[in-house]
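If you're matching positions, the sequence shown starts at 1 in UniProt numbering and goes up one per residue. For glycine and all other residues, C-beta sits at the position ideal for the given N, C-alpha and C. Working notes, beginning with the structure itself.
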Amino acid sequence: MDSKTARLKEMYLELLRILEKYGPVEMSTQIGTIKEILIYLDTANESEDAMIKQTFQMHKSMSPGKSGLAEFHFWDNDFEIRSKVNKPLGELKQEIWDILVSDE
1 MDSKTARLKE
11 MYLELLRILE
21 KYGPVEMSTQ
31 IGTIKEILIY
41 LDTANESEDA
51 MIKQTFQMHK
61 SMSPGKSGLA
71 EFHFWDNDFE
81 IRSKVNKPLG
91 ELKQEIWDIL
101 VSDE
């Protein structure tokens, strides 16, 4: 697996871990899509460009408007806990997006 797709796989695994731990039940569709992306990244026998384009299409489906992955932020009354989850979550979402659109 090439470096961009390997990095995407690492980031989606971490994103899955965060969503499974902190995401509301409404994120179950996004969790399922992330699992599909991980299977695709593990099994696809295509060029890196083709894999990134396909992953981009799958990723876009997770934000159909409000209540999508792009809008998700963890809430807790404790600011420290909220920051501990949302900072890496935001960084992950941004880094994934940056890789997916880097060739667009």
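Contact under 8 Å by Cβ, residue i with residue j
| i | j | result |
| --- | --- | --- |
| isoleucine 39 | threonine 5 | no |
| isoleucine 34 | glycine 23 | no |
| leucine 92 | glutamate 14 | yes |
| leucine 100 | threonine 55 | yes |
| leucine 69 | methionine 62 | yes |
| leucine 89 | phenylalanine 79 | no |
Residue i, DSSP secondary structure in three states
| i | result |
| --- | --- |
| glycine 32 | helix |
| serine 102 | coil |
Cβ neighbours of residue i in the same chain (closer than 8 Å, five flanking residues each side left out)
| i | result |
| --- | --- |
| tyrosine 12 | Ile34, Ile37, Leu38, Leu41, Ile96 |
| lysine 9 | Met1, Leu38, Leu41, Asp42 |
| aspartate 98 | none |
| leucine 16 | Ile31, Ile34, Lys35, Leu38 |
Counted within 10 angstroms of its Cβ, other Cβ atoms place residue i as buried (16 or more) or exposed
| i | result |
| --- | --- |
| phenylalanine 72 | buried |
Identify every run of the alpha helix (DSSP H) within the segment 39–95, keeping only runs that are complete inside it and at least 4 residues long; order them along the chain.
48–60
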